[in-house]
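Have a look at the structure below before the remarks.
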Amino acid sequence: MSSLATAGKKRRKELMTLNMGPSHPAMHGIVRIVLDLDGERIENADVEIGYLHRAFEKSSEQSGYLQVIPYTDRLNYVSPLINNVGYCMAVEKLFGIQTTERSEYIRVVMSEFSRVSDHLTCVGASAMELGVFTVFLYMVKAREMIYQLIESVTGARLTISYVRPGGVKADLPAGFSDEAHKIIREVRSILKECGALLTRNRIFVDRLKGIGIISKEDALGYGITGPFLRSTGIDYDVRKDSPYSVYNQFDFEIPVGACGDNYDRYLCRMEEIEQSLHIVEQALHKIPGGDFMSAPHAAMPAEEMVDLAKMGQTEGLAQTEVEPEPTLEGGTEKYFEMLQTKDHRVVLPPKEKTYGNIEGLMQHFKLIMFGHGIAPPKGEVYQAVEGANGELGFFVVSDGTGRPYRVRVRPPCFAIMAALPLMLQGGTIADVVPTFGSVNMIGGELDR
Amino acid sequence: MILEAVKAKFPDEVLETSEFRGDLTIVVRKESLAQIMKHLKEEAAFDFNLLMDLTAVDYLSMERKPRFDMVYHLYSLRNKHRLRVKVGVHEKEPEVDSLVVLWPIANWFEREVWDMFGIRFKGHPHLKRILLYEEFEGHPLRKDYPVNRRQPLMKQKSDHELEFIEAREYGQAVPELLRGSANQEEKKI
Numbered sequence: 001m002s003s004l005a006t007a008g009k010k011r012r013k014e015l016m017t018l019n020m021g022p023s024h025p026a027m028h029g030i031v032r033i034v035l036d037l038d039g040e041r042i043e044n045a046d047v048e049i050g051y052l053h054r055a056f057e058k059s060s061e062q063s064g065y066l067q068v069i070p071y072t073d074r075l076n077y078v079s080p081l082i083n084n085v086g087y088c089m090a091v092e093k094l095f096g097i098q099t100t101e102r103s104e105y106i107r108v109v110m111s112e113f114s115r116v117s118d119h120l121t122c123v124g125a126s127a128m129e130l131g132v133f134t135v136f137l138y139m140v141k142a143r144e145m146i147y148q149l150i151e152s153v154t155g156a157r158l159t160i161s162y163v164r165p166g167g168v169k170a171d172l173p174a175g176f177s178d179e180a181h182k183i184i185r186e187v188r189s190i191l192k193e194c195g196a197l198l199t200r201n202r203i204f205v206d207r208l209k210g211i212g213i214i215s216k217e218d219a220l221g222y223g224i225t226g227p228f229l230r231s232t233g234i235d236y237d238v239r240k241d242s243p244y245s246v247y248n249q250f251d252f253e254i255p256v257g258a259c260g261d262n263y264d265r266y267l268c269r270m271e272e273i274e275q276s277l278h279i280v281e282q283a284l285h286k287i288p289g290g291d292f293m294s295a296p297h298a299a300m301p302a303e304e305m306v307d308l309a310k311m312g313q314t315e316g317l318a319q320t321e322v323e324p325e326p327t328l329e330g331g332t333e334k335y336f337e338m339l340q341t342k343d344h345r346v347v348l349p350p351k352e353k354t355y356g357n358i359e360g361l362m363q364h365f366k367l368i369m370f371g372h373g374i375a376p377p378k379g380e381v382y383q384a385v386e387g388a389n390g391e392l393g394f395f396v397v398s399d400g401t402g403r404p405y406r407v408r409v410r411p412p413c414f415a416i417m418a419a420l421p422l423m424l425q426g427g428t429i430a431d432v433v434p435t436f437g438s439v440n441m442i443g444g445e446l447d448r
Numbered sequence: 449m450i451l452e453a454v455k456a457k458f459p460d461e462v463l464e465t466s467e468f469r470g471d472l473t474i475v476v477r478k479e480s481l482a483q484i485m486k487h488l489k490e491e492a493a494f495d496f497n498l499l500m501d502l503t504a505v506d507y508l509s510m511e512r513k514p515r516f517d518m519v520y521h522l523y524s525l526r527n528k529h530r531l532r533v534k535v536g537v538h539e540k541e542p543e544v545d546s547l548v549v550l551w552p553i554a555n556w557f558e559r560e561v562w563d564m565f566g567i568r569f570k571g572h573p574h575l576k577r578i579l580l581y582e583e584f585e586g587h588p589l590r591k592d593y594p595v596n597r598r599q600p601l602m603k604q605k606s607d608h609e610l611e612f613i614e615a616r617e618y619g620q621a622v623p624e625l626l627r628g629s630a631n632q633e634e635k636k637i
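Protein sequence lines correspond, in order, to chains A and B. Going by this note's numbering, the residue at position 14 of the first sequence is 14; the numbering climbs one at a time, nothing skipped. Going by this note's numbering, the residue at position 48 of the second sequence is 496; the numbering climbs one at a time, nothing skipped.
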């Protein structure tokens, strides 16, 4: 009898190793979690990352400052505009320049829309993994509207490369404000619907509540920021605590949770979407210059102007307005002063000058061509912005040449992934999915 | 203010203080890194409770000595201060004290620095590569690592093998000469 009992004990001690990932439908990209299981219970978890490493930092050292912007799109590919803003602000800090107020407002509007799309993806995807497919479709529908709005501004849905050191690429398109208000209304109604489907849904709440708990102390020790840290009750938000851009001009609140479990994180994200929409509304109301793309204007198509200038017929071109291709709309002289800082070391000349006279063309090439480019003074800066997952920091070292000496990204979900084993231990296999979903791991940013 | 306070507390250990565009930086002696960091974290006047970032910079092409800099970014939740702490690391002895005991996140950050720069951390519980695979040779963010160098995990296929694979894919007759060698290869796999 006794030998049987001890044998049973021994067998229970034997742990089973289970690989979750790298290719698993709930692993949001590619990451591997090695679980040591005692039956259903997780004794130990080991997270292995790096499957999406594509040498962002090394590549950045090989290219000019402007050429890094497209790489930053691909860091957090669910909210690329925030990465753009963070990187460009770091370069601006190196130069010690400030951009114009209107472009700051545009950056805020676009960043907040990105944050909304990021949170929608996170909540929608983790709800889907728990079987609530309806919510996923609703939220992706809302995200799609935001993507279309972003496309109308930047010319791309995801690989946007919209922000520039010293300003933004182009102005908001005609009718942006109306469209944005329409989308905000739609997103709100979708949120209300999804909230009704989830927040008090018994199955959903049971899967989330009390699962994946992290304490305040652990969260701080692991350098966790963003909605994840706020769910534990600490109201740290870069937008409030070290305000950048024009965030100090808006009235918004930082939602915090109580116990740091999955359910709190879900509630935090839902409330943050609402706060972000609120910021966008205020920004659209306060934006200096208003909706000034809306006035129709007569202008010369870019190809025509380029042809005339090539033939030397430059007379009167300086006064003529150019009509560039749609993605460059708003990059012309009319909007230039409102959008770009006056520092010619950094900003490209307005399109009329590039197409219409040799000095403008030369300046354009000096800033774009390999081996030239913008060259900040020697120094190193750290610039933090509030990414959708937490503090997104760019540490840029300049040696005074046209190529960044070192670009370091502090990815917010790196810290959360490092703490993941802590949250998984003691739970069951089924808990991995909602906990991992609430991390909102973005491979592009985690592995760089 | 923070700079002066740190300098006053550790007059010998802090080598240099500077401010650039509002970023505060101190450079400290390598031997006293752990001690200063512990003080910065636990002393109420500083209260730097978050290790925001930990990375390294290779100054090889700037021809500076020591070659590496370890860069730590600290943040204080209560005082809302930021501080950058830097430590010079020589190429001959690329090792600094690990900060895992102070901040658990240093574990992963230090693994990344080991992976990318080849700097070791004394007292780190499990220093292994994090983003790259164990078989990887060299440390890619060092300035002397060529950007075009490729290290495929799988063995490169010979021309013979490639020809065989192609022929099989397109349903062509596999040349007699190839078949023998390729079959052997297949069996091995």
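For glycine and all other residues, C-beta sits at the position ideal for the given N, C-alpha and C.
Item: Counted within 10 angstroms of its Cβ, other Cβ atoms place residue 508 of chain B as buried (16 or more) or exposed; Value: exposed
Item: Short CB-CB distance (under 7 Å) between residue 458 of chain B and chain A; Value: no
Item: Chain A contact for residue 517 of chain B (CB, 7 Å cutoff); Value: no
Item: Contact the segment 240 to 247 of chain A vs the segment 205 to 216 of chain A: 3+ CB pairs below 8 Å; Value: no
Item: For residue 526 of chain A, the three-state DSSP class (helix, strand or coil); Value: Nothing can be reported for residue 526 of chain A: it is not among the residues displayed for chain A, which extend from 1 to 448.
Item: Coil, strand or helix - residue 554 of chain B by DSSP; Value: helix
Item: Distance between residue 417 of chain A and residue 426 of chain A (C-alpha atoms, nearest Å); Value: 17 Å
Item: Chain A residues whose Cβ lies nearer than 9 Å to that of residue 595 of chain B; Value: 55, 58, 59, 61, 62
Item: 7 Å Cβ cutoff, residue 402 of chain A in contact with chain B; Value: no
Item: Short-range partners of chain B found in the segment 234 to 247 of chain A, where Cβ spacing is below 9 Å; Value: 234, 236, 241, 242
Item: 8 Å CB neighbourhood of residue 41 of chain A in its chain, flanking five on each side removed; Value: 426, 427, 428
Item: Delimiting residues of the beta strand (DSSP E) encompassing residue 503 of chain B; Value: 498 to 506
Item: Span separating the alpha-carbon of residue 465 of chain B from that of residue 496 of chain B; Value: 17 Å
Item: Contacting residues, own chain, Cβ-Cβ under 7 Å from residue 481 of chain B (five flanking each side not counted); Value: 535, 544, 545
Item: Which listed residue (A:95, A:90, A:64) has its alpha carbon closest to that of residue 345 of chain A; Value: A:95
Item: Chain B within 7 Å of residue 96 of chain A, Cβ atoms only; Value: yes
Item: Chain A contact residues for residue 528 of chain B, given Cβ-Cβ distances below 8 Å; Value: 241, 242
Item: Candidates A:31, A:29, A:408, A:39, of which the one nearest residue 430 of chain A by Cα; Value: A:39
Item: Classification of residue 203 of chain A by the beta-carbon crowding that lies within 10 angstroms, buried from 16 upward; Value: exposed
Item: Outcome for residue 383 of chain A when other beta-carbon atoms lying within 10 angstroms are tallied against a minimum of 16; Value: buried
Item: Contact belief for residue 446 of chain A with residue 414 of chain A at Cβ below 8 Å, rounded distance in angstroms; Value: 6 Å
Item: Any chain A beta carbon closer than 7 Å to residue 468 of chain B; Value: yes
Item: Residues that residue 471 of chain B contacts on chain A, provided the C-beta gap is smaller than 7 Å; Value: 381, 382
Item: Assigned secondary structure, residue 24 of chain A (DSSP; H/G/I helix, E/B strand, else coil); Value: coil
Item: Helix, strand or coil at residue 124 of chain A according to DSSP, with G and I counted as helix; Value: helix
Item: Residue 47 of chain A vs residue 33 of chain A beta-carbon contact at 7 Å; Value: yes
Item: Buried/exposed call for residue 603 of chain B, threshold 16 Cβ in 10 Å; Value: exposed
Item: Minimum C-alpha distance to residue 89 of chain A - residue among A:381, A:390, A:439, A:403; Value: A:381
Item: Enclosing alpha helix (DSSP H) for residue 394 of chain A [first to last residue]; Value: Note, residue 394 of chain A: premise wrong, no alpha helix (DSSP H); beta strand (DSSP E) at 391 to 398.
Item: Closest Cα partner of residue 493 of chain B within the set B:599, B:450, B:618; Value: B:450
Item: Assigned secondary structure, residue 427 of chain A (DSSP; H/G/I helix, E/B strand, else coil); Value: coil
Item: Element boundaries [beta strand (DSSP E), containing residue 473 of chain B]; Value: 471 to 476
Item: Stretch-stretch touch, CB-based, cutoff 8 Å, three pairs: the segment 344 to 360 of chain A with the segment 315 to 324 of chain A; Value: yes
Item: Check whether residue 506 of chain B and residue 605 of chain B have beta carbons under 7 Å apart; Value: no
Item: Beta carbon of residue 398 of chain A nearer than 7 Å to that of residue 366 of chain A; Value: no
Item: Below-7 Å beta-carbon distance, residue 335 of chain A vs any chain B residue; Value: no
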